[in-house]
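Here the sequence shown is numbered in our numbering, starting from 0 and rising by one per residue. Heads up, the beta-carbon is just placed ideally off N, CA and C, and yes, glycines get one too.
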Amino acid sequence: MQGKLRLGIMGGTFDPIHMGHLIMAEAVRDEFGLDRVLFIPAAHPPHKKGRWDLADAGHRYRMTELAVRSNPCFEVSDMELHRREPSYSVVTIELLRETYGSDAEIYFITGADAINELFTWYHAQELLEKCSFIAANRQGSELDMEALRGHFGELADKRIHRLVAPAVEISSTDIRQRIRCGRSIKYRVPAAVEEYIAKEGLYREPMDEP
Ligand code: ATP
Ligand code: MG
0 MQGKLRLGIM GGTFDPIHMG HLIMAEAVRD EFGLDRVLFI PAAHPPHKKG
50 RWDLADAGHR YRMTELAVRS NPCFEVSDME LHRREPSYSV VTIELLRETY
100 GSDAEIYFIT GADAINELFT WYHAQELLEK CSFIAANRQG SELDMEALRG
150 HFGELADKRI HRLVAPAVEI SSTDIRQRIR CGRSIKYRVP AAVEEYIAKE
200 GLYREPMDEP
C-alpha cells in the first residue's frame, strides 16, 4: 500500500496567476515531496472585499487552469468559487478531508506576507491544528517566526515550515499595473495566460470606481 497522500494547497486570488505562484508551488512540491498541489482560486477573498478591479472569478479560474496545464502534479479546484460565503480556509480544509481522507497530510503553501498575517485569519489556531504551512520568502516580507510564536506558541514551530529558495519578485498587483500602463508582462505569466488576458482585454482600465 502507498503512504499517506501529501497534498499542497495554494490558495489565492490569482488575479492573475503568475510565475511567482508557479515557481513557489513547484519548489515546495519538490522540496517537501508532495504528491499533488491543488490551486484554489478564492471567490470572495475576505481581505480584498473592497477592491474594484478584481477580475471575474470565471476569468481567474480559467487563467489558473491554463497556467497549471503543463504540470501533471498541479490541479485547479473550483471548490471556493461556488461558495456564497467568504472563502475561509478552515472550511476548505474540512471539505478537503472529506474528499481526500482524514489521514491526508495537508500543507498550505503561502508567501511570507500571507503567513505573517495568519493571526488575522478566521479560526487561525484551529487551522494550525488541522494542517501545516510552508512559507516562501517574498521581496519585502521575511517570515516572522518570533511574532508567530507570540500568537500561536509551540504550535508555530510544529506547523510552520520555511521554504528555502530565492524570493521571486513578481506580484499580481505589479502585473495589473503593467497592463494598465501598456507595459510587457511576458515571462512574468505563462504564455497562455498572457494570451488570455490580451484576448479578454483584462486589467486594461478601471471597471468601476470603489
Ligand atoms: P496581489 O498583488 O493582488 O495581492 P499576489 O501576487 O500577492 O497578488 P495572491 O493571489 O494574493 O498573489 O497570492 C496568493 C499566495 O501566493 C499568497 O500566499 C502569496 O503570499 C503568495 N505569493 C504570491 N506571489 C508570490 C511570490 N512572488 N513569491 C512567493 N509567494 C507569492
Ligand atoms: Mg497578495
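Sequence-distant partners of Val192 (beyond 5 residues in either direction) whose C-beta falls short of 7 Å from its own C-beta, in its chain, are Pro15, Ile16, Met62, Leu65 and Ala66. Relative to the ligand ATP, the beta carbon of Gly7 is positioned no closer than 7 Å to any heavy atom.
Cβ contact annotation for Tyr202 (same chain, cutoff 8 Å, sequence separation greater than five): Pro15, Asp52, Ala54, Ile174, Arg175, Ile178, Arg179 and Ile196, in chain order. Rounded to whole angstroms, Gly110 and Leu117 show a C-alpha spacing of 11 Å.
Look at Leu6 here: in three-state DSSP terms it is strand.
When the alpha-carbon of Cys72 is set against those of Glu93, His122, Ala190 and Val36, the nearest one is in Val36. Under the DSSP assignment, Phe13 falls outside any beta strand (DSSP E); it carries neither an H nor an E label. Met23 is a Cβ neighbour of Ile108, given a cutoff of 8 Å.
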